[in-house]
Each structure stands twice: as C-alpha cells, then as structure tokens.
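Q: Under the numbering used here, the residues of the sequence shown are numbered -6 to 320, in order.
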Amino acid sequence: MTDQDHDASPGSSQTDDFHTGWAALLGPPNSGKSTLLNTVLGQKVSIVSPKPQTTRNQVTGILTRDNLQVVFLDTPGLHRLRGKMNSFLLKAAWQALSRADTAVIILDAALYNKRPHLLPEDLQPLRSSKVRLPQPLLVVLNKIDKVKDRSKLLPLMEQIAGIWPEAEIFPISASTGENVETLITRIASALPPGQPLFPEDQLSTVPLRFMASEIIREKLFLNLHEELPYHTAVDIENWDEASQPGLTRIHAVIFVERDSHKAMVIGKQGRNLKQIGQNARLELEELLEGKVYLELWVKIRSKWSEDERFLLSLGFGSAPDMGDWQG
Ligand SMILES: Nc1nc2c(ncn2[C@@H]2O[C@H](COP(=O)(O)OP(=O)(O)OP(=O)(O)O)[C@@H](O)[C@H]2O)c(=O)[nH]1
Ligand SMILES: [Mg+2]
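What follows is the structure in structure tokens.
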C-alpha cells in the first residue's frame, strides 16, 4: 500500500470513471437559477425571492453522487442596469462563466410564452461577440408548471433554436422538480473525468457568515415593497458562539441609503423590522442547528451602492473558494 491509499482526501475512494466539474447557472434575473440550485441539492444554499436581482454574488452548491461531483455556481441575473453594484453583479456572473466547464442558461418559459418579444433582448448579453459559451449549450426552459398547455412551449423552442441552433433545450420546473433529474444527467455527461474537489458531505463553499447575511437579505426582499430591497445591504458585525453554549449571538447591520428608507425598513412601531428579524432568526436556527439571538440595526450610509470600497468590504466581487484542484 502506498501513502496515497491511506489518504483521507476527498478523492481517495473514487474510481477513474469519476467526473467532476463546474457548472455555471446563468440567465436573466428572476428566471429561477437559485431555485434550481436549491432543488438540485435538496437543500437551500441560495436565497430566492419574486423580485429580480436577488442574488448578488456567486454562490456555490456542490452535488456529489457515486461517480460524480458537480460544483454549481449560481450567479446574479444578467441585466443591463448601470451603477457600481450592478457592475459587480455582472462581473460575478461572467467570472462564473469563465471558470465553468459547462454553462446552463436558465430562462423563464412562462414569461416568454406570454411575451416572446422580450427574449431576444434578454438574451443579448449572452449573445455578445465577447462571450464564449461552452459546448454543449444547455438551455433550460424553467417554470413549465405555469404553462398549462405544454404545446405552447414549441414556438419558444423554435425561437431559441433560431438563435442557438446547437442548443439542447430542457423544459423543467425548478419548483416542482419536473425533469430536473434529466437535466442533471445531461450536465454530468458534459463534465470531464476527474477526482472530486470537495468532501462528499460538503454542500457549499460559502462561509456561514455570508449565508447568515443572505438569509437576512432574503427576508428584506420578501418583506419590503417595490424598490426598497435594492437600497439595502446586510453586514454581520459580530458573531459570538463562545459566550453561551448552544446559543449564537449575531449582530447584523442593515445598511440603507436614506432616512426615509430607514423609517420604512423599521416600519410602524418597529413592526417590519420585528417581522424580518423573526423570520430570519427561525431560518438561522435551522442553519446553525441551535438557538440564535439576532440583533438587527438599521444604519444609513448614503450612496453605499456606488462605494466600491464598501462593496468590496461586503464581499461583492469575491469569488468562492476554488477548493484543492489536486483532489
Ligand atoms: N412557478 C414557478 N416559479 C418558480 C420556478 N422557479 C423559480 N420560481 C420563482 O421565480 C422567482 C425567482 O426565483 P429565483 O430562484 O430567485 O430566480 P433567480 O434567477 O435566482 O433570480 P435572481 O437571483 O434575481 O437573478 C421566485 O419567486 C421563485 O419562487 C418554477 O419552476 N415554477
Ligand atoms: Mg438568484
């Protein structure tokens, strides 16, 4: 026996027909990228809301099976908005594509079924001459649970085939899981042979603190109206699990841009903030498998979304851990 046989590294017990790789989930905002990632993993790693631009960074989700490890990269939706924060969002999406062995483009079939004229414009960023999409090109038509008459998908499939003749199209529902397994099988067959990069029980490379701030941000997206969530950011200022066994004390700051935002986040008699805090705490307790004391503060930081240093300090633009490529 060699030393390698004793090695407890992730790849030690695997055979040569193991396939490993990175799969980027890309597409317009609100198409269901994060929902799909959570469904594939059977667990929530990426936050979801009915509002576009919910995801603001790359979020990894690791699927490990007998002879397969797919590291999915959830990404911010591709859009055409301006501003510093938006350019960070786009950078995160394009970086994921450049790292990926395969890319899955996720589209909202129910949306384009009703409004086909939106498709060419929404696909414009992906059709730019600067973008090189890996082959095979996998295109997902998501939300088919909302398309009662499935024959209505045919014109959309034709429209996509007209744009990308080589595309393989997968109608799915990320919410119900319909056809998701077929998609996973196809992604798996597109990945190169290789040893796993992460231990088989690892679900993500995202740090717990980041996940906690994301959970709070999700509750802001779910509880606040209209544009307000876009003016908020969350930072975990203190994390204490040492003082009291079984209890994690988390002190988080919700940044807003103006006085009026602060008043709306807090709500009448503090009702909004209380609700946001309660919802976030319950989910944090599930994540951390223990009691959580969550303290939320709302602070005004004018024009934070244009402040590059501040955005960097919040983790914008930082790529997730690559893992050990040696296995
Ligand atoms: N009916 C239905 N709704 C879906 C499906 N997939 C996602 N949704 C909903 O679509 C909305 C957006 O889902 P997300 O997963 O946040 O979409 P996303 O592409 O990650 O959005 P961004 O991060 O903003 O780019 C949420 O309200 C989801 O519940 C689906 O298959 N069927
Ligand atoms: Mg998302």
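Each residue gets a CB set at the ideal place from its N, CA and C atoms; glycine is no exception.
Along the chain, where does the alpha helix (DSSP H) containing Q62 start, and where does it finish?
A: Numbered from 1 along the sequence shown, position 69 holds the residue referred to as residue 62. Per DSSP, Q62 belongs to no alpha helix (DSSP H); it is in the beta strand (DSSP E), 61 to 67.
Q: Taking DSSP as the reference, what is the three-state secondary structure of H224?
A: Start at 1 with the first residue of the sequence shown, and residue 224 comes out as number 231. Here H224 sits in helix by DSSP.
Q: Assuming V41 and I55 form a contact by the criterion Cβ under 8 Å, report the distance between their Cβ atoms to the nearest whole angstrom.
A: For the purposes of this step, residue 41 is identified with residue 48 of the sequence shown, where counting begins at 1. For the purposes of this step, residue 55 is identified with residue 62 of the sequence shown, where counting begins at 1. Not quite, the Cβ-Cβ distance comes to about 18 Å (not below 8 Å), so this is no contact.
Q: What three-state label does DSSP hand N172 in the structure shown?
A: Position 179 of the sequence shown, counting from 1, holds the residue named residue 172. N172: coil per DSSP, three-state reduction.
Q: Who are the Cβ neighbours of S27 in its own chain at under 6 Å, not counting the five residues just before and after it?
A: Your numbering for residue 27 matches position 34 in the sequence shown. Taken in chain order, the residues that qualify are S39, V41, T48, D67.
Q: Please classify S6 as buried or exposed, where buried requires at least 16 neighbouring CB atoms within 10 angstroms.
A: As a first step, residue 6 must be located in the sequence shown, where it is residue number 13. Legend: pLDDT at S6 = 48, less than 50; position of this residue unreliable, no value from coordinates given.
Q: Could you spell out the range, first to last residue, of the alpha helix (DSSP H) harbouring I209?
A: In the sequence shown, counting from the first residue as 1, residue 209 sits at position 216. Run containing I209: 201 to 216, per the alpha helix (DSSP H) assignment.
Q: Have a look at the DSSP bridge pairing and note the partners of N231.
A: On the sequence shown, position 238 is the one that residue 231 refers to. Beta-bridge pairing links N231 to H244.
Q: Determine, using beta-carbon pairs with one atom in the stretch 265 to 280 and one in the stretch 212 to 227, whether at least three such pairs fall under 8 Å.
A: Segments in contact, yes.
Q: Between S295, A102, L277, which lies nearest to I208 when the distance is taken from Cα to Cα?
A: Start at 1 with the first residue of the sequence shown, and residue 208 comes out as number 215. Answer by Cα proximity: L277.
Q: Are at least three pairs of beta-carbons, each pair with one atom in the stretch 232 to 240 and one in the stretch 301 to 312, less than 8 Å apart?
A: Not touching, per the Cβ criterion.
Q: Classify W297 as buried or exposed, calling it buried when 16 or more other Cβ atoms lie within 10 Å of its own Cβ.
A: Position 304 of the sequence shown holds residue 297. By the 10 Å Cβ count, W297 comes out buried.
Q: Residues in its own chain within less than 7 Å of A160 by CB, not counting five upstream and five downstream?
A: Sequence index remark: in the sequence shown, residue 160 carries index 167 (1-based). Contacts found: L130, V132, I153, A154.
Q: I need the straight-line Cα distance from S166 to D300, nearest angstrom please.
A: For the purposes of this step, residue 166 is taken as residue 173 along the sequence shown, with counting starting at 1. For the purposes of this step, residue 300 is taken as residue 307 along the sequence shown, with counting starting at 1. Cα-Cα distance, rounded: 38 Å.
Q: Is F163 helix, strand or coil by DSSP?
A: Taking the first residue of the sequence shown as 1, we reach residue 163 at position 170. Note: F163 maps to strand in three-state DSSP.
Q: Quick check on this structure: which residue in L307, K77, I293, P21 has the alpha carbon closest to the alpha carbon of L134?
A: As a first step, residue 134 must be located in the sequence shown, where it is residue number 141. Taking only the C-alpha atoms, the option nearest L134 is P21.
Q: So, does the stretch 133 to 149 touch the stretch 99 to 107, judging by three or more C-beta pairs under 8 Å?
A: With the cut-off at 8 Å, the stretch 133 to 149 and the stretch 99 to 107 touch.
Q: May I ask you to report which of helix, strand or coil DSSP gives P186?
A: In the sequence shown, the residue the question calls residue 186 occupies position 193. DSSP places P186 in strand when its eight states are reduced to three.
Q: Tell me which same chain residues have a C-beta within less than 6 Å of the C-beta of I98, skipping the five on either side of it?
A: Mapped onto the sequence shown, residue 98 falls at position 105. The answer, listed in chain order, is L19, G20, V132.
Q: As a quick exercise: from T241, L240, T225, pick the residue whose alpha carbon is nearest that of I259.
A: For the purposes of this step, residue 259 is taken as residue 266 along the sequence shown, with counting starting at 1. When each option's Cα is compared against that of I259, the closest is T225.
Q: Give, in chain order, every unbroken run of the beta strand (DSSP E) that is at least 3 residues long and sits entirely within the stretch 248 to 300.
A: Counting whole runs of 3 or more residues, the stretch 248 to 300 contains the beta strand (DSSP E) stretches 284 to 293.
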